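Structure record follows, encoded as structure tokens.
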Amino acid sequence: MNATCKMFKYMTKEITRDYMMIMLVVTPFLVGALFRFGVPLLESKVLAGFGYSDVIKPYYELFSWLLAMLTGMMFAFVGGLVVLGEIDDGIARYILITPPGERGYLFSRIVIPALISGVMSAFLVVLFALMPLSMTKLLVMVVSTTLCGIITAFIVVAISSNKVEGMAVGKISGLFGITFFAPIILKGMVKYLFFIFPMYHVGVWSNGGSALSLAVSAVLFVIWVMALYKLFRRKFN
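If you're matching positions, the sequence shown starts at 1 in the UniProt record's numbering and goes up one per residue.
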């Protein structure tokens, strides 16, 4: 465990040397502040002038979900970019044969950043929420978006061949979490196109669905993580 922590400390040093990754870490704080202070200002000062003072208020909770998704994905995404950088430099395979091994490497590069993202998601959502959230909803929000972050990191590493491609793939894989909004925004049969995505079912639950939706989401999360983990491992073979 001590060796794994050292590997994580090495990763944090790599992050502090890359301004792009520093911005990825800072972005959730900036977006949270924008939501907390900008949205009410827009509603009261701009939209109210056109007679739409309460048009955004019914969707306040969605801003919390969006912030949690952004935080979960950004922190784990940074871990994925570090892995890509180490693959580019040819040192990833050598790290795997150190005492922590593959599990320690995975834990230090993906799991620890994901856990940090979960803590930061909870902190930022509570700090910048536009409306109170129940503990149950906050817990589901943090766990689901953290898992989204892990999936995003796996996708970035599995599909990309370098950090530049990783940035592009990261933006596309962000759509994985956006499927949460499909059952809320879309009408008719078209929304069922997103049935295979776990966040779709979290969105169903958040929109008044039963606990069964969360159970389906949990099963799909396991399937996605296991499938992408296999692709992730192939990068080192």
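Beta carbons: idealized from backbone N, C-alpha and C, even for Gly. Computed from a predicted model, the values in this text were never measured in an experiment.
> If we call anything under 8 Å between Cβ atoms a contact, is Pro28 one with Leu70?
Replying inline: The residue labelled residue 28 in the question sits at position 28 within the sequence shown. The residue labelled residue 70 in the question sits at position 70 within the sequence shown. Result yes, Cβ atoms of Pro28 and Leu70 sit closer than 8 Å.
> Would the beta-carbon of Leu84 fall within 8 Å of that of Ser173?
Replying inline: The residue you call residue 84 lines up with position 84 of the sequence shown. The residue you call residue 173 lines up with position 173 of the sequence shown. Not closer than 8 Å, so no.
>> Three or more C-beta pairs under 8 Å: does that hold for the segment 114-132 against the segment 173-183?
In response: no
> Three-state secondary structure (DSSP) at Lys45?
Replying inline: On the sequence shown, position 45 is the one that residue 45 refers to. The answer is helix: DSSP assigns Lys45 an H, G or I state.
> DSSP on Ala129, reduced to helix/strand/coil?
Replying inline: The count along the sequence shown starts at 1 and reaches residue 129 at position 129. Coil.
>> Let me confirm a value: Met73 is counted as buried when at least 16 other C-beta atoms fall within 10 Å, else exposed. Which label applies?
In response: Counting from 1 along the sequence shown, the entry for residue 73 is found at position 73. Answer is buried; the Cβ neighbour count reaches 16.
>> Leu24 and Val78 - do their beta-carbons sit closer together than 8 Å?
In response: In the sequence shown, the residue the question calls residue 78 occupies position 78. In the sequence shown, the residue the question calls residue 24 occupies position 24. It is a contact, given that the beta carbons lie within the stated cut-off.
> Got a sec, what are the start and stop residues for the alpha helix (DSSP H) Arg233 sits in?
Replying inline: The residue labelled residue 233 in the question sits at position 233 within the sequence shown. From DSSP, the alpha helix (DSSP H) with Arg233 extends over 211-234.
>> Quick check on DSSP: helix, strand or coil for Phe37?
In response: In the sequence shown, residue 37 corresponds to position 37, counting from 1. Phe37 falls in the helix class under three-state DSSP.
>> Please identify the residue among Val140, Trp65, Glu165 whose C-alpha is closest to the C-alpha of Leu124.
In response: Against the sequence shown, residue 124 aligns to sequence position 124. Checked all of Val140, Trp65, Glu165; the closest Cα to Leu124 is Trp65.
> Of the residues Gly118, Tyr105, Val157, which one's Cα is nearest the Cα of Asp88?
Replying inline: Taking the sequence shown and counting its residues from 1, one reaches residue 88 at position 88. The candidate whose alpha carbon is nearest that of Asp88 is Val157.
> How many angstroms separate the CA atom of Glu86 from the CA atom of Ile196?
Replying inline: For the purposes of this step, residue 86 is taken as residue 86 along the sequence shown, with counting starting at 1. For the purposes of this step, residue 196 is taken as residue 196 along the sequence shown, with counting starting at 1. Distance between the alpha carbons of Glu86 and Ile196 is about 32 Å.
> In three-state DSSP terms, what is Arg17?
Replying inline: For the purposes of this step, residue 17 is taken as residue 17 along the sequence shown, with counting starting at 1. Looking at Arg17 - three-state DSSP - the assignment turns out to be coil, as it is neither helix nor strand.
> On the three-pair Cβ rule with 8 Å, is the segment 225-234 touching the segment 192-208?
Replying inline: no
> From what residue to what residue does the alpha helix (DSSP H) around Asp88 run?
Replying inline: The sequence position of residue 88 within the sequence shown is 88, counting from 1. Start and end: 60-88.
>> Please report the straight-line C-alpha distance between His201 and Ser108, rounded to a whole angstrom.
In response: For this step, residue 201 is matched to residue 201 along the sequence shown. For this step, residue 108 is matched to residue 108 along the sequence shown. Going from the Cα of His201 to the Cα of Ser108 covers about 30 Å.
> Cβ atoms of Val142 and Gly118: under 8 Å apart, would you say?
Replying inline: Within the sequence shown, the letter at position 118 stands for residue 118. Within the sequence shown, the letter at position 142 stands for residue 142. Yes, the pair counts as a contact, with Cβ atoms nearer than the cut-off.
> Nearest to Leu67 by alpha carbon, out of Ala211, Cys148, Leu41, Val164?
Replying inline: Within the sequence shown, the letter at position 67 stands for residue 67. Looking at the Cα atoms, Cys148 is the closest of the given residues.
>> Could you check whether Leu42 and Val140 sit closer than 8 Å to each other, using their CB atoms as the reference points?
In response: Indexing the sequence shown from 1 puts residue 140 at position 140. Indexing the sequence shown from 1 puts residue 42 at position 42. No. Outside cutoff.
> How is Phe29 classed by DSSP in three states: helix, strand or coil?
Replying inline: Residue numbering aside, residue 29 sits at position 29 when the sequence shown is read from its first letter. DSSP places Phe29 in helix when its eight states are reduced to three.
>> To the nearest angstrom, how far is the alpha carbon of Phe194 from that of Thr179?
In response: By one-based count along the sequence shown, residue 194 stands at place 194. By one-based count along the sequence shown, residue 179 stands at place 179. Cα to Cα, Phe194 sits roughly 6 Å from Thr179.
>> Starting from Thr179, trace the alpha helix (DSSP H) in both directions and tell me its first and last residue.
In response: Along the sequence shown, one-based indexing puts residue 179 at 179. No alpha helix (DSSP H) contains Thr179, which DSSP labels as neither H nor E.
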